[in-house]
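This report refers to the structure that appears directly beneath it.
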Amino acid sequence: MQLQKFIIDNEFQGERLDLFLSQTSLWPSRSFIQKIINSGGVSKEGRLLRASYRLEANDAIEVAWNAPEPLMVKPEAIPLEILYEDRDLVVVNKPRGMVVHPAVGNYQGTLVNALLEHCKDLSGIGGVIRPGIVHRLDKDTSGVLVVAKNDMAHLELAAQIKARTMKRIYKTIVHGNPQPEGRIEAPIGRHPVERKKMAVVATGRPA
6 MQLQKFIIDN EFQGERLDLF LSQTSLWPSR SFIQKIINSG GVSKEGRLLR ASYRLEANDA
66 IEVAWNAPEP LMVKPEAIPL EILYEDRDLV VVNKPRGMVV HPAVGNYQGT LVNALLEHCK
126 DLSGIGGVIR PGIVHRLDKD TSGVLVVAKN DMAHLELAAQ IKARTMKRIY KTIVHGNPQP
186 EGRIEAPIGR HPVERKKMAV VATGRPA
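Take the sequence shown: its position 94, counting from 1, is numbered 99 in my numbering, and each next residue is one higher.
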């Protein structure tokens, strides 16, 4: 039996329990999360919760579950664009359309499959389906990913991301004709209706 605890931040207030848990990437699929909830594995102060429960700020949520059989991820000879590599990490340019790690419906052709062929050994902190993965990009987003080859590098990189000392720059397409330079400051949080999207909201975090 495994146990995971969460203290809910203000930005997740009002979000469905099952949607919140599916965004944590701790479980292989949303259907797996549903099974945990339906079997009485999710509680708040001893009270069992349903998938439709709306989170409240400072909720103390506990999730207890039996770990599934580990997925055997196989190395695949998929070409990678390596930007930098040393004994601790490798930096790759992930193409659009490539999934970062195996999941339901995407067991092959992922970045992890390619990395296992290239590196042989990766950090085990991310588990068997996310070896070396410190941060992610969506399937349809291209960009740079830093991958840890060992646990020490993984912990250090994760600490840098948490402390925001690792700089990440995003490029996007915009409508109109923006000025050559400028600064946008606005609170970013979950969209009030489309909860998988982010938006400028009064209760969001400064950005």
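Cβ atoms here follow ideal geometry from the backbone N, Cα and C, with glycine treated the same way.
Taking the alpha-carbon positions, what's the residue i to residue j distance?
| i | j | result |
| --- | --- | --- |
| Arg-169 | Arg-55 | 35 Å |
| Val-149 | Ser-48 | 38 Å |
| Pro-84 | Gly-19 | 43 Å |
| Lys-167 | Met-6 | 28 Å |
| Leu-142 | Val-105 | 7 Å |
| Leu-162 | Val-152 | 9 Å |
| Asn-118 | Val-96 | 15 Å |
| Arg-210 | Met-203 | 11 Å |
| Ser-27 | Ile-174 | 26 Å |
| Arg-101 | Gly-51 | 44 Å |
| Ala-112 | Gln-165 | Before going further, note that residue 112 is Tyr rather than Ala in the sequence given. Each residue's alpha carbon lies about 30 Å from the other. |
| Arg-188 | Ala-62 | 30 Å |
| Glu-16 | Val-206 | 9 Å |
| Lys-176 | Asp-23 | 31 Å |
| Gln-184 | Ile-41 | 50 Å |
| Asn-98 | Arg-135 | 17 Å |
| Val-198 | Phe-25 | 14 Å |
| Gly-132 | Asp-91 | 22 Å |
| Cys-124 | Leu-31 | 24 Å |
| Gln-39 | Pro-107 | 19 Å |
| Ser-44 | Ile-66 | 15 Å |
| Ala-212 | His-140 | 19 Å |
| Ile-178 | Gly-114 | 27 Å |
For residue i, write down the residues that DSSP places opposite it in a beta bridge.
| i | result |
| --- | --- |
| Asn-71 | DSSP output for Asn-71 lists no bridge partner at all. |
| Val-152 | Val-95 and Ile-138 |
| Ala-204 | Gly-194 |
| Asn-111 | Ala-108 |
| Tyr-89 | Val-96 |
| Ile-66 | Phe-11 and Lys-49 |
| Arg-210 | Ile-193 |
Ordered along the chain, which non-local residues of its own chain (more than five positions away) have a Cβ less than 7 Å from that of residue i?
| i | result |
| --- | --- |
| Gly-46 | Val-68, Ala-69 and Trp-70 |
| Thr-146 | Arg-101 |
Measuring only from the beta carbon, is residue i closer than 7 Å to any heavy atom that is part of the ligand ZN?
| i | result |
| --- | --- |
| Leu-24 | Among the components modelled here there is no ligand, and therefore nothing to report on the ligand ZN. |
Spatial neighbours of residue i within its chain, please: CB distance less than 6 Å, with the 5 preceding and 5 following residues excluded, ordered by chain position.
| i | result |
| --- | --- |
| Met-103 | Leu-116 |
| Pro-80 | Leu-121 and Glu-122 |
| Met-171 | Gln-165 |
| Gly-194 | Glu-16, Val-206, Thr-208 and Gly-209 |
| Arg-59 | Gly-19 |
Here's a check: name, in chain order, each residue in its chain whose Cβ is nearer than 8 Å to the Cβ of residue i, leaving out the five neighbours to either side.
| i | result |
| --- | --- |
| Ser-57 | Arg-21, Leu-22 and Asp-23 |
| Asp-93 | Ala-153, Lys-154, Asn-155, Met-157 and Ala-158 |
- Runs of beta strand (DSSP E) wholly within the region 7-62 (minimum 3 residues, chain order): 7-12 and 47-49
- Inspect the CB distances between the region 33-43 and the region 9-16 and report whether three or more fall short of 8 Å. no
- Three CB pairs or more closer than 8 Å across the region 146-164 and the region 120-133: For the pair of segments examined, the region 146-164 was found to touch the region 120-133: the number of CB pairs separated by less than 8 Å reaches three.
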